[in-house]
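Protein chains: 2
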Amino acid sequence: MKLYDLELSGNCYKVRLFAALARIPLDVVPVDFLGGEHKRPPLSDLNPWGEIPVLVDGDVVLRDSHAILVYLASRHGGAAWLPGDPAGLAEVVQWLSTAANEVQNGPCAARLVDKFGYGLDKAETIRRSLRILPLIDAHLAASAWLAAGRPTIADCAVFPYVALAPEGGVSLEPYGSIRSWIARVKALPNFLPMPGV
Amino acid sequence: MKLYDLELSGNCYKVRLFAALARIPLDVVPVDFLGGEHKRPPLSDLNPWGEIPVLVDGDVVLRDSHAILVYLASRHGGAAWLPGDPAGLAEVVQWLSTAANEVQNGPCAARLVDKFGYGLDKAETIRRSLRILPLIDAHLAASAWLAAGRPTIADCAVFPYVALAPEGGVSLEPYGSIRSWIARVKALPNFLPMPGV
Numbered sequence: 001m002k003l004y005d006l007e008l009s010g011n012c013y014k015v016r017l018f019a020a021l022a023r024i025p026l027d028v029v030p031v032d033f034l035g036g037e038h039k040r041p042p043l044s045d046l047n048p049w050g051e052i053p054v055l056v057d058g059d060v061v062l063r064d065s066h067a068i069l070v071y072l073a074s075r076h077g078g079a080a081w082l083p084g085d086p087a088g089l090a091e092v093v094q095w096l097s098t099a100a101n102e103v104q105n106g107p108c109a110a111r112l113v114d115k116f117g118y119g120l121d122k123a124e125t126i127r128r129s130l131r132i133l134p135l136i137d138a139h140l141a142a143s144a145w146l147a148a149g150r151p152t153i154a155d156c157a158v159f160p161y162v163a164l165a166p167e168g169g170v171s172l173e174p175y176g177s178i179r180s181w182i183a184r185v186k187a188l189p190n191f192l193p194m195p196g197v
Numbered sequence: 001m002k003l004y005d006l007e008l009s010g011n012c013y014k015v016r017l018f019a020a021l022a023r024i025p026l027d028v029v030p031v032d033f034l035g036g037e038h039k040r041p042p043l044s045d046l047n048p049w050g051e052i053p054v055l056v057d058g059d060v061v062l063r064d065s066h067a068i069l070v071y072l073a074s075r076h077g078g079a080a081w082l083p084g085d086p087a088g089l090a091e092v093v094q095w096l097s098t099a100a101n102e103v104q105n106g107p108c109a110a111r112l113v114d115k116f117g118y119g120l121d122k123a124e125t126i127r128r129s130l131r132i133l134p135l136i137d138a139h140l141a142a143s144a145w146l147a148a149g150r151p152t153i154a155d156c157a158v159f160p161y162v163a164l165a166p167e168g169g170v171s172l173e174p175y176g177s178i179r180s181w182i183a184r185v186k187a188l189p190n191f192l193p194m195p196g197v
């Protein structure tokens, strides 16, 4: 099972982190991102969107980090990390949507500007960060984990770009419950770090 | 089972559309959106994010349209619309992420500017629309439905804001495969329209 990967990508890290926590073996293939390898065949044939991560497991090819988390959890022995009951599953999906939209376009986008020089509207990324982080913080003031009362792929999906927020100039100092949650995630058995986390 | 709803919201329409297609009874509760009812208790207690739709089913409260689709499909008899196998489930989740990010911040956001006067960067919403629509069109040139070779909640999640794109000044004229797919969705038994679709 191959993961086309970039070490500094939080979206790739979501997958590496979960695979480490759930002890799922991955063949990690580094992609020459600066050289645009993901925009050219053969990678752009696997993912026409020209993005990474990409997971290839036999005939299954997946292009979205959240879809990859769902696949690994349900197919490769990580079932404890993805509730099977409808309410628990939906609770996790709520946070996958949050990771895909509010976190991606907030703290992740702010980091893309500061660390990689992306031409995005920095003020807008900060505005979005300052909306979503207090909501996450308030949620975590009442629950140790994002969903289902235990560590799930929801935590793996939201953790990377929240923990990396300071690399986009977004301080986590005001968010005590987020900082406690980050410490809990880091204390999970088999936790895997990345640069900046 | 109550759905707090706004008729002109594509995110609310995702849920109404799926419930109609899968014949799932919903008690639709109109929200006074212009009056800010969703930003005040009791609705803001159900969803601290101050957004709709919100679904309430006994003790289960869900705040995200995609999570609601997953819940209804897995809990209320819409299982044919959500594959249970890991690859099929992940394929659907890919499109839920696309709906939550690329479609929400592309054609949906363009419509928010033109139709409701939201102060977003219109040029950026157009740029994002012109990136995602060709990718969806190319995918639909090869498959009749977005995922799993049949109608699923992925179609219900992506359909509303793609079909409403012209209300944000984004023409669907260049995208023949999208237009054929829209016609296929509209021809599904029990299809439910909304204004502008």
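Top to bottom, those sequences are chains A and B.
Mapping of the first sequence onto the numbering used here: position 65 corresponds to residue 65, and the numbering continues sequentially without gaps.
Mapping of the second sequence onto the numbering used here: position 116 corresponds to residue 116, and the numbering continues sequentially without gaps.
All residues carry an ideal CB built from backbone N, CA and C; glycine is no exception.
Next on the checklist: According to DSSP, is residue 13 of chain B part of a helix, a strand, or is it coil?
Outcome noted: Here residue 13 of chain B refers to the residue found at position 13 when the second sequence is read from its first residue. Reduced to three states, the DSSP call for residue 13 of chain B is helix.
Next on the checklist: Can you pull the chain B neighbours of residue 48 of chain A, defined as C-beta to C-beta under 9 angstroms?
Outcome noted: What you label residue 48 of chain A is simply residue 48 of the first sequence in a count that begins at 1. Those within 9 angstroms of residue 48 of chain A in chain B are 135, 138, 139.
Checklist entry - What three-state label does DSSP hand residue 30 of chain A in the structure shown? => result Against the first sequence, residue 30 of chain A aligns to sequence position 30. Reduced to three states, the DSSP call for residue 30 of chain A is strand.
Item to check | Three-state secondary structure assigned by DSSP to residue 3 of chain A | outcome: Working through the first sequence from its first residue, we reach residue 3 of chain A at position 3. Judged by DSSP in its simplified three-state form, residue 3 of chain A adopts strand.
Next on the checklist: Assuming the contact rule is C-beta atoms closer than 8 angstroms, residue 141 of chain B and residue 97 of chain B should be a hit. Round their C-beta distance to whole Å, please.
Outcome noted: Numbered from its first residue, the second sequence carries residue 141 of chain B at position 141. Numbered from its first residue, the second sequence carries residue 97 of chain B at position 97. Not really, about 21 angstroms apart at Cβ, beyond 8 angstroms.
Checklist entry - Given that residue 86 of chain A touches chain B, what residues does it touch there, using C-beta distances under 9 angstroms? => result For the purposes of this step, residue 86 of chain A is identified with residue 86 of the first sequence, where counting begins at 1. Chain B residues near residue 86 of chain A: 60, 70, 71, 72, 73, 74, 75, 76.
Item to check | CB of residue 170 of chain B within 8 angstroms of CB of residue 126 of chain B, strictly | outcome: What you label residue 170 of chain B is simply residue 170 of the second sequence in a count that begins at 1. What you label residue 126 of chain B is simply residue 126 of the second sequence in a count that begins at 1. Yes, the pair counts as a contact, with Cβ atoms nearer than the cut-off.
Checklist entry - Can you list the residues of chain B that residue 89 of chain A reaches, using a CB-CB cut of under 7 angstroms? => result Here residue 89 of chain A is taken as the residue at index 89 of the first sequence, counted from 1. Result: 70, 74.
Next on the checklist: Out of A:196, A:187, A:197, A:195, which one is the CA nearest neighbour of residue 21 of chain A?
Outcome noted: Translated into the one-based positions of the first sequence, residue 21 of chain A becomes position 21. Considering only A:196, A:187, A:197, A:195, the residue with the shortest C-alpha distance to residue 21 of chain A is A:187.
Checklist entry - Which of the residues in the segment 140 to 151 of chain A, read from start to end, lie with their CB under 8 angstroms from any CB of chain B? => result none
Checklist entry - When the Cα of residue 57 of chain A is compared with those of A:48, A:49, A:76, A:103, which residue comes out closest? => result As a first step, residue 57 of chain A must be located in the first sequence, where it is residue number 57. Of A:48, A:49, A:76, A:103, the residue nearest in Cα terms is A:76.
Checklist entry - Does the beta-carbon distance from residue 196 of chain A to residue 167 of chain A come in below 8 angstroms? => result As a first step, residue 196 of chain A must be located in the first sequence, where it is residue number 196. As a first step, residue 167 of chain A must be located in the first sequence, where it is residue number 167. Against a cut-off of 8 angstroms, the Cβ pair of residue 167 of chain A and residue 196 of chain A comes out as a contact.
Checklist entry - So, does the CB of residue 63 of chain B fall closer than 8 angstroms to a CB anywhere in chain A? => result Numbered from 1 along the second sequence, position 63 holds the residue referred to as residue 63 of chain B. Yes, contact with chain A.
Item to check | Closest Cα partner of residue 159 of chain A within the set A:17, A:5, A:4, A:7 | outcome: Here the question's residue 159 of chain A lines up with position 159 in the first sequence. Nearest C-alpha to residue 159 of chain A: A:17.
Checklist entry - Between the C-alpha atoms of residue 148 of chain B and residue 80 of chain B, what's the straight-line distance to the nearest angstrom? => result Position 148 of the second sequence, counting from 1, holds the residue named residue 148 of chain B. Position 80 of the second sequence, counting from 1, holds the residue named residue 80 of chain B. Each residue's Cα considered, the two are about 11 angstroms apart.
Checklist entry - Counting pairs of Cβ atoms below 8 angstroms between the segment 86 to 102 of chain B and the segment 56 to 74 of chain A, do you hit three or more? => result yes
Checklist entry - What is the DSSP secondary structure of residue 96 of chain B, counted as helix, strand or coil? => result If you number the second sequence from 1, residue 96 of chain B lands on position 96. Correct three-state label for residue 96 of chain B: helix.
Checklist entry - What's the gap between the Cα of residue 9 of chain B and the Cα of residue 31 of chain B? => result The residue labelled residue 9 of chain B in the question sits at position 9 within the second sequence. The residue labelled residue 31 of chain B in the question sits at position 31 within the second sequence. Approximately 11 angstroms between the Cα atoms of the pair.
Item to check | Closer than 9 angstroms at the beta carbon, the chain B residues around residue 121 of chain A | outcome: Residue numbering aside, residue 121 of chain A sits at position 121 when the first sequence is read from its first letter. Under the 9 angstroms cutoff, chain B gives 121, 124.
Checklist entry - Applying the criterion that 16 or more other CB atoms from any shown protein chain within 10 Å of the CB defines a buried residue, is residue 118 of chain A buried or exposed? => result Locating residue 118 of chain A in the first sequence gives position 118, counting from the first residue. Exposed.
Checklist entry - Among B:43, B:2, B:183, which residue has its Cα nearest to the Cα of residue 27 of chain B? => result Residue mapping note: residue 27 of chain B aligns to position 27 of the second sequence, counting from 1. When only C-alpha atoms are compared, the closest one is B:2.
Item to check | C-beta contact flag for residue 162 of chain B and residue 70 of chain B at 8 angstroms | outcome: Within the second sequence, the letter at position 162 stands for residue 162 of chain B. Within the second sequence, the letter at position 70 stands for residue 70 of chain B. For residue 162 of chain B and residue 70 of chain B, no; Cβs fall outside 8 angstroms.
Next on the checklist: residue 129 of chain A and residue 165 of chain A - do their beta-carbons sit closer together than 8 angstroms?
Outcome noted: Reading the first sequence from its first residue, position 165 is the one you call residue 165 of chain A. Reading the first sequence from its first residue, position 129 is the one you call residue 129 of chain A. Closer than 8 angstroms, so yes.
Checklist entry - When we look at the beta-carbon of residue 112 of chain A and count the other beta-carbons within 10 Å, is it buried (16 or more) or exposed? => result On the first sequence, residue 112 of chain A is found 112 positions in, with the first residue counted as 1. Residue 112 of chain A should be labelled buried.
Checklist entry - DSSP three-state call for residue 61 of chain B: helix, strand or coil? => result Taking the first residue of the second sequence as position 1, residue 61 of chain B is located at position 61. Note: residue 61 of chain B maps to strand in three-state DSSP.
Item to check | Residue range of the unbroken alpha helix (DSSP H) whose run includes residue 181 of chain A | outcome: Here residue 181 of chain A corresponds to residue number 181 of the first sequence, with the count starting at 1. 176 to 186 is the span of the alpha helix (DSSP H), which, as asked, contains residue 181 of chain A.
Item to check | DSSP state of residue 158 of chain A mapped onto helix, strand, coil | outcome: On the first sequence, residue 158 of chain A is found 158 positions in, with the first residue counted as 1. It is helical.
Next on the checklist: Please list, in chain order, the chain A residues whose beta carbon lies closer than 9 angstroms to that of residue 158 of chain B.
Outcome noted: By one-based count along the second sequence, residue 158 of chain B stands at place 158. Within 9 angstroms Cβ-Cβ: nothing; residue 158 of chain B doesn't reach chain A, min ~13 angstroms.
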